[in-house]
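Trainee:
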Ligand SMILES: CC(C)(COP(=O)(O)OP(=O)(O)OC[C@H]1O[C@@H](n2cnc3c(N)ncnc32)[C@H](O)[C@@H]1OP(=O)(O)O)[C@@H](O)C(=O)NCCC(=O)NCCS
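Residue numbers (my numbering): 3 to 289.
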């Protein structure tokens with residue numbers, strides 16, 4: 003008998019074994035998962051919601067998990083984000099994935115979520131089709147040399163750097179034109195101290211119009227995520243350019259981001275971004 007229940011820190015011991023089987027191909031922990039601490043680290047921190055953690059237990063052993071959260075979208079309502087779904091390789095194709103997915107959807111429905119999104123590697127794409135998700139759009143990986151980013155100095159939009167942030171700011175539990183979850187995930191790596199960088203809010207006439215995150219990936223490269231409120235759409239080029247231009251201060255040569263292909267035009271309108279299609283596929287289901 004399989005039981006679906008909320009995850010607990012002590013489950014991380016069993017989950018290490020699960021991850022060792024499932025995550026060799028799509029997660030980038032150098033050398034793979036070797037300690038329970040690495041697994042625990044993924045179940046604390048700024049982007050983790052305790053209510054969004056379910057595990058499948060059989061005969062006293064945890065054999066699968068799903069982790070999810072929710073954020074607001076000003077156009078389509080609350081969106082649920084499945085951050086990961088991992089089933090022990092010895093138990094795959096025995097309906098555990100479906101059970102966990104449906105149980106997560108039930109929790110999200112109670113939180114008034116209207117749509118769920120997941121980002122799947124090609125190898126798991128057919129699973130999502132079987133559980134009635136459909137592919138929606140694609141992800142573009144974009145990049146640009148920092149010197150090619152326009153400066154956009156205008157008093158119209160005020161940049162406010164957020165300091166001493168301990169938890170995910172409400173303004174970043176949100177996605178509009180950014181890829182769902184991308185802002186929160188990148189912000190969380192800074193808040194949790196995994197990467198160095200900056201968190202920004204942008205204001206026009208005292209109202210929030212945008213948010214941005216930049217993180218230092220290595221000596222030459224920075225990653226960023228930027229988004230705008232409905233009102234902020236008119237100044238999206240300013241919010242994007244200012245966020246992407248931040249790493250010039252650390253002498254970064256290149257900035258990168260992942261964005262929905264649908265909104266490529268908003269990004270490429272004011273600067274010459276290079277872009278390529280990601281192999282990961284966004285899938286979604288209406289609740
Ligand atoms: C993808 C994954 C979550 C599926 O879980 P699962 O417990 O094996 O799935 P289920 O048993 O509930 O399968 C439901 C249906 O999907 C099919 N299916 C499952 N995995 C599949 C795959 N990789 N390719 C094709 N079909 C698949 C099953 O055969 C079943 O079809 P059926 O209804 O015709 O019998 C699991 O294989 C896994 O953990 N993979 C590695 C991690 C991963 O890629 N996670 C997804 C990241 S978003």
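Think of the CB as a built atom: it goes at the ideal place given N, C-alpha and C, for glycine as much as any other residue. Model, not experiment: these values are computed from the prediction.
Using the rule of at least 16 other Cβ atoms within 10 Å of the residue's Cβ for burial, across every protein chain shown, is residue 166 buried or exposed?
Mentor: Burial call: exposed.
Trainee: Can you tell me whether residue 17 sits near ligand 1, meaning its C-beta is under 7 Å from at least one heavy atom of the ligand?
Mentor: Incorrect: residue 17 has no Cβ contact closer than 7 Å to ligand 1.
Trainee: Three-state secondary structure (DSSP) at residue 148?
Mentor: Helix.
Trainee: For residue 134, I'd like the list of residues in its chain whose CB is within less than 7 Å of its CB, leaving aside the five on either flank, ordered along the chain.
Mentor: Excluding positions up to five away in sequence, the list reads 287.
Trainee: Exposed or buried, what is residue 264 when buried is set at 16 or more other beta-carbons lying within 10 Å of its beta-carbon?
Mentor: Exposed, by the Cβ-count rule.
Trainee: Mapping the DSSP letters down to three states, classify residue 44 as helix, strand or coil.
Mentor: In the structure shown, residue 44 sits in coil (DSSP, three-state: anything other than H, G, I, E or B).
Trainee: Let me confirm a value: residue 34 is counted as buried when at least 16 other C-beta atoms fall within 10 Å, else exposed. Which label applies?
Mentor: Residue 34 is exposed by the Cβ-count criterion.
Trainee: On the criterion of 16 or more Cβ atoms from any shown chain inside 10 Å, does residue 85 qualify as buried, or is it exposed?
Mentor: Residue 85 is buried by the Cβ-count criterion.
Trainee: Can you list, in chain order, the residues of its chain with a C-beta nearer than 7 Å to that of residue 175? Leave out the 5 residues immediately preceding and following it.
Mentor: Within the same chain, residue 175 has close Cβ partners 73, 74, 186.
Trainee: Please state the DSSP three-state secondary structure of residue 2.
Mentor: Here the chain comprises residues numbered 3 to 289, so residue 2 is not present and cannot be evaluated.
Trainee: Tell me where the beta strand (DSSP E) around residue 21 begins and ends.
Mentor: No beta strand (DSSP E) holds residue 21; the alpha helix (DSSP H) holding it covers 14-24.
Trainee: So, using beta-carbon positions, are residue 82 and residue 41 closer together than 8 Å?
Mentor: No, they are not a contact pair.
Trainee: How about residue 123: is its Cβ closer than 7 Å to a heavy atom in ligand 1?
Mentor: Because some heavy atom of ligand 1 lies under 7 Å away, the Cβ of residue 123 counts as near it: yes.
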